[in-house]
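Contents: one structure, followed by commentary.
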Amino acid sequence: MTSSKKVITLVSAEGVSCTVNRDVICMSNVIKNILNDIDDESEPIPLPNIKTNVLNKIIEYCKHHYNNPPSQIPQPLKSAQLNEVVSEWDYEFVNVDKEFLFELILAENFLDIKPLLDLTCAKVASMIKGKTPEQIRREFDIVNDFTPEEEAKVCPHTHIYYLYLYITMRIMN
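Going by full-length UniProt numbering, the sequence shown opens with residue 1, and the numbers climb by one from there.
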């Protein structure tokens, strides 16, 4: 059997098995390395930190882009209009709620799927592009616990700091 027809089984955090073509899921450098290191590819690969809905979404992305590589996303984004720099399919793909978006980011970072990580991070960047620190705090439900003096010191980079705090809070929960 050629590798293009081999099916790999991934097991989500809830214990649900998801099958996917080997070549498709090898968009993940972590999965590719695991498969290169094991003798029996028929053994399921556990992914205990990735929920089933997140894993299915990642598989959907990998399937779509297997024979259709994503375009390069310019960095930094020139505007908050993500639809101007990504395909319609990619734009709709990341049109998810914030909680799910950050779960995706954590999972694809773990799985080392750079094009998908670039896309989801571009989505977050488009959400904060051109916004004031106060608008960013409202967007991500971040409490401002800075004194006025502290805020004045970090003001030029506050949006980056708030995004860091938000992602860190999501990781810790």
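A virtual CB, placed ideally from N, CA and C, is assigned to each residue, including glycine.
Since the structure is predicted, the reported quantities are computational estimates derived from the model, not experimental observations.
- Of the residues assessed, Asp90 falls on the buried side of the cut-off, its CB having 16 or more other CB atoms within 10 angstroms.
- Between Glu108 and Leu116, the CB-CB gap stays under 7 Å.
- With fewer than 16 other Cβ atoms from the protein chains shown falling within 10 Å of its own Cβ, Val7 counts as exposed.
- Measuring C-alpha to C-alpha distances from Cys26 to each of Val16, Leu10, Val94 and Gln75 identifies Leu10 as the nearest.
- Rounded to the nearest whole angstrom, the CA to CA distance from Val85 to Asp118 is 12 Å.
- Uninterrupted alpha helix (DSSP H) stretches at least 4 residues long and entirely within the stretch 3 to 28 occur at 22 to 25, given in chain order.
- Rounded to the nearest whole angstrom, the CA to CA distance from Pro44 to Phe146 is 47 Å.
- With fewer than 16 other Cβ atoms inside 10 Å of its own Cβ, Lys5 counts as exposed.
- Here the alpha carbon of Pro48 sits roughly 16 Å from the alpha carbon of Ile59.
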